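Take a look at the structure below.
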Amino acid sequence: MGDLGWIAYPKNGWEEIGEVDENYAPIHTYQVCKVMEQNQNNWLLTSWISNEGASRIFIELKFTLRDCNSLPGGLGTCKETFNMYYFESDDEDGRNIKENQYIKIDTIAADESFTELDLGDRVMKLNTEVRDVGPLTKKGFYLAFQDVGACIALVSVRVYYKKCPSVIRNLARFPDTITGADSSQLLEVSGICINHSVTDEAPKMHCSAEGEWLVPIGKCLCKAGYEEKNNTCQAPSPVSSVKKGKITKNSISLSWQEPDRPNGIILEYEIKYFEKDQEMSYTIIKSKETTITADGLKPGSAYVFQIRARTAAGYGGFSRRFEFETSPVSVAVSSDQSQIPIIVVSVTVGVILLAVVIGFLLSGSCCDHGCGWASSLRAVAYPSLTWRCGYSKAKQDPEEEKMHFHNGHIKLPGVRTYIDPHTYEDPNQAVHEFAKEIEASCITIERVIGAGEFGEVCSGRLKLQGKREFPVAIKTLKVGYTEKQRRDFLGEASIMGQFDHPNIIHLEGVVTKSKPVMIVTEYMENGSLDTFLKKNDGQFTVIQLVGMLRGIASGMKYLSDMGYVHRDLAARNILINSNLVCKVSDFGLSRVLEDDPEAAYTTRGGKIPIRWTAPEAISFRKFTSASDVWSYGIVMWEVMFYGERPYWEMTNQDVIKAVEEGYRLPSPMDCPAALYQLMLDCWQKDRNSRPKFDEIVSMLDKLIRNPSSLKTLVNASSRVSNLLVEHSPVGSGAYRSVGEWLEAIKMGRYTEIFMENGYSSMDAVAQVTLEDLRRLGVTLVGHQKKIMNSLQEMKVQLVNGMVPL
Ligand code: ACK
């Protein structure tokens, strides 16, 4: 409002005009209009502007400029541009520097100049131009505007920088981050775990030059005893109500309820007890049930009990202390005798367990995994023995033993291996081992979003006790199902429930105690990846696409580490949420055999999604993580091609033959060479030569950190040499019409515009330039690229004599 402190020289050049805006607020405008006089050199210098730590700044100018043609007699001297400069300085001392020390930013021209006529109509054609400057190395700078004989009114100068605003993602806080100096630079920023959380995988995000956070990597987890809610970790309520059951002179039975706010699925409870005032000598029992009997206690003595729950995130806090007393000696002496054999058996079990552990350790032959098991086993074994100078062991619940040895697997907390639900005799047991039972009344079904093999897929909301309602996807099992269908349907939940990873679809639970039977998972707003990409063709940056691929690779790394082979990895089996986070889904037991519409019967009788499957898996059903890597390469191709069908309309038989003969899919258009190379690596015939998922993740991370490595694209002529020529839409021969061509490259929406503007033949289309496309209203850069690349490719093919245009 006051004096801007800008300096104009010579004095009769730029002139400050006090005006008011539409709200009658005073505004400054600088004008100059020496169009009739020779050799103008009028400077306008701003005051010192601090760059506030930014190394790249943007300057937005709003101005009007007079059309020289509309000036009678001024044509010889009149100009229609002016120049913008800057000079960096740490303080205001730089003000009196010479003109030639200023660095030119650009010559500014008007998109629209105004004429006498416009003046008469009082139409002011305001131009907006933005320029950026960087890298800046000092604390601030001056701007200068040089007029050399134009008629200009400078109405507004806005100077700004861009930043990625502070955000909490994956329980990590990322600070306000000023974007980098380079317009293509991605700054890697480390997040700091929020209160009560700890690092799982170092959380990082990338701040783009446009001020957007991209490609979150890693995450924090709430500490043991805390649960995640609205991007914070708050302590869960501990076990609150503990009731005593049967009490004898040597034993106390207890039961309790699940905590009000369990931290995920409760895997087990830990019960700590000790004789009152003897806290140093305590016993710990682990149980999967909400009841236990502590025996071997002293008659007529008070005991203190505390219970805590364990979920995948760790232990919650202990409950308050509950105190109960055993019966005095005179009560139920005879019934007590029956306990003795049990105690003896239990102690024996404990000793055998310990012997097994020591055997493992002493044998010295165990692999890393084996040692992990052994040490975990030791930790779990101690409930069967006394702790410090405690008492003989409490009665061991058979459930606890199953926890140690489950269907021949040693399944202990902390050992992350996948267990095939088929190994369970009773599939219901597998479901309840890995999936939480949800009451149907907690679920509100809102709408049907699709059809699954077993019934409808719906979206809805889940309200769990003590938690805020949140959106979920619900798969239902249709009425009239057979026992096998029910088993297969719930099999997916038994598999999914074993996984816990940000790039694997998360299971909330199952409804099995009422009908319809349901599987409830997290809701993924953008649905399946193939449909989503087709709908948004050409609309993402390469970095965004690579971010999606990185997520999928990270999920697959987790699965392969768990020993799980997916067998049907394809873009249609990836779900994508509103943050563009991709998650691997579809873990059906019979999936590969039955429910994938892409799966076809092979000569050996199996049903396999041919286009996505590695040759060794098609030929002799050798499904491994390496065959998943082949499928991953196909997913990369689908993503970079925005959901195009691999091998287009080739028949399955032709695909098998072509792949056997060494042909591979051509590079998608505009594909960075590094990504296409990775695809080709995934499609190595020798499965041992294919990269592993951890290598793929590292490779993609490297590309994301160094986006300039993505700038080298597979060039059109090398693409041609890779083409499965007869089957590429581009190489499939001359197009009969412009419509057919645009349809083939999925740009059919522009057919009418092309025809209306005279591009009605392929000959005419061949002349189209980028400028023409913009004029036709093809404004999306992705679409412009697609059309121009296709034209370019047709021209290359013409040169090569491959496909006549
Ligand atoms: O492409 P879509 O919208 O995404 O159509 C299919 C449909 O259900 C049948 O599978 C959608 N779908 C499946 N699981 C989920 C989920 N967890 N969140 C959102 N949509 C889902 C899928």
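Each residue of the sequence shown is one higher than the last, beginning at 1037 in our numbering. Backbone N, C-alpha and C fix where the C-beta goes; we use that ideal spot for every residue, glycine too. The structure displayed is predicted, hence computed values, not measured ones.
At a cut-off of 7 Å, the beta-carbon of A1208 does not count as near the ligand ACK: no heavy atom of the ligand is closer than that. Between the ligand ACK and I1541, a heavy atom-to-CB distance of less than 7 Å is present. Bridge partners of N1163 according to DSSP: F1099. Assignment of I1230 by DSSP, reduced to helix, strand and coil, places it in the coil class. In the three-state DSSP reduction, W1719 falls in the coil class, being neither helix nor strand. Its chain contains I1302, T1326 as the residues whose beta carbon lies nearer than 7 Å to that of E1294, once the 5 sequence neighbours on both sides are disregarded; these appear in chain order.
Secondary structure at D1456: coil, using DSSP grouped into helix, strand and coil. DSSP places N1267 outside both helix and strand once states are collapsed to three, so it counts as coil. The beta carbon of S1564 sits closer than 7 Å to at least one heavy atom of the ligand ACK.
Rounded to whole angstroms, the gap between the alpha carbons of K1499 and E1263 is 16 Å. By the Cβ test, the region 1561–1580 is not in contact with the region 1514–1529, since fewer than three Cβ pairs between them sit closer than 8 Å.
Our two residues, P1463 and V1578, have alpha carbons roughly 44 Å apart in a direct line.
DSSP places S1564 in the strand class (E or B) of the three-state scheme. In this structure, L1611 has its beta carbon less than 7 Å from a heavy atom of the ligand ACK. In terms of Cβ geometry, N1132 and I1204 do not form a close pair [threshold 8 Å]. Counting only the Cα atoms, A1650 lies some 8 Å from A1662. For V1547, the uninterrupted beta strand (DSSP E) segment begins and ends at 1543–1547. In this structure, T1213 sits near L1223, with a CB-CB distance shorter than 8 Å. Ranked by Cα distance from S1355, the options P1364, T1362, Q1465, R1344 are led by R1344. DSSP places T1787 outside any beta strand (DSSP E); the residue lies instead in the alpha helix (DSSP H), whose first and last residues are 1787–1792. Setting aside the 5 residues that flank it on each side, C1707 is surrounded in the same chain by M1676, V1750, each with a C-beta closer than 6 Å to its C-beta; the list follows chain order. When rounded, the separation of the alpha-carbon atoms in N1075 and V1166 is 27 Å.
Contact between N1163 and D1142 is absent: CB atoms are separated by about 13 Å, not below the 8 Å threshold.
Looking at the backbone, the Cα of F1210 and that of C1229 are separated by about 9 Å. A check of alpha carbon separations from E1489 across I1670, A1238, D1524 identifies D1524 as the nearest. Of the residues Q1270, L1290, I1283, the one whose Cα lies closest to the Cα of S1277 is L1290. One Cα belongs to G1170, the other to E1128, and the distance between them is close to 20 Å. Taking E1052 as reference, the option from Y1066, G1112, W1249 with the minimal CA-CA separation is Y1066. Ranked by Cα distance from F1310, the options D1296, S1323, D1168, G1332 are led by G1332.
Of the heavy atoms belonging to the ligand ACK, none sits nearer than 7 Å to the Cβ of S1614. For E1779, there is no enclosing beta strand (DSSP E); the enclosing alpha helix (DSSP H) covers residues 1774–1780.
Between W1666 and the set Q1828, G1176, N1615, L1714, the nearest pair of CA atoms involves L1714. If you look at G1281, you'll find it isn't in any alpha helix (DSSP H); it sits in the beta strand (DSSP E) that goes 1278–1283. In this structure, I1043 sits away from F1177, with a CB-CB distance that is not shorter than 8 Å. Contact check between the region 1610–1619 and the region 1577–1593: three or more CB pairs, one atom from each, fall below 8 Å, which counts as touching. According to DSSP, L1498 shares a beta bridge with I1479, F1506.
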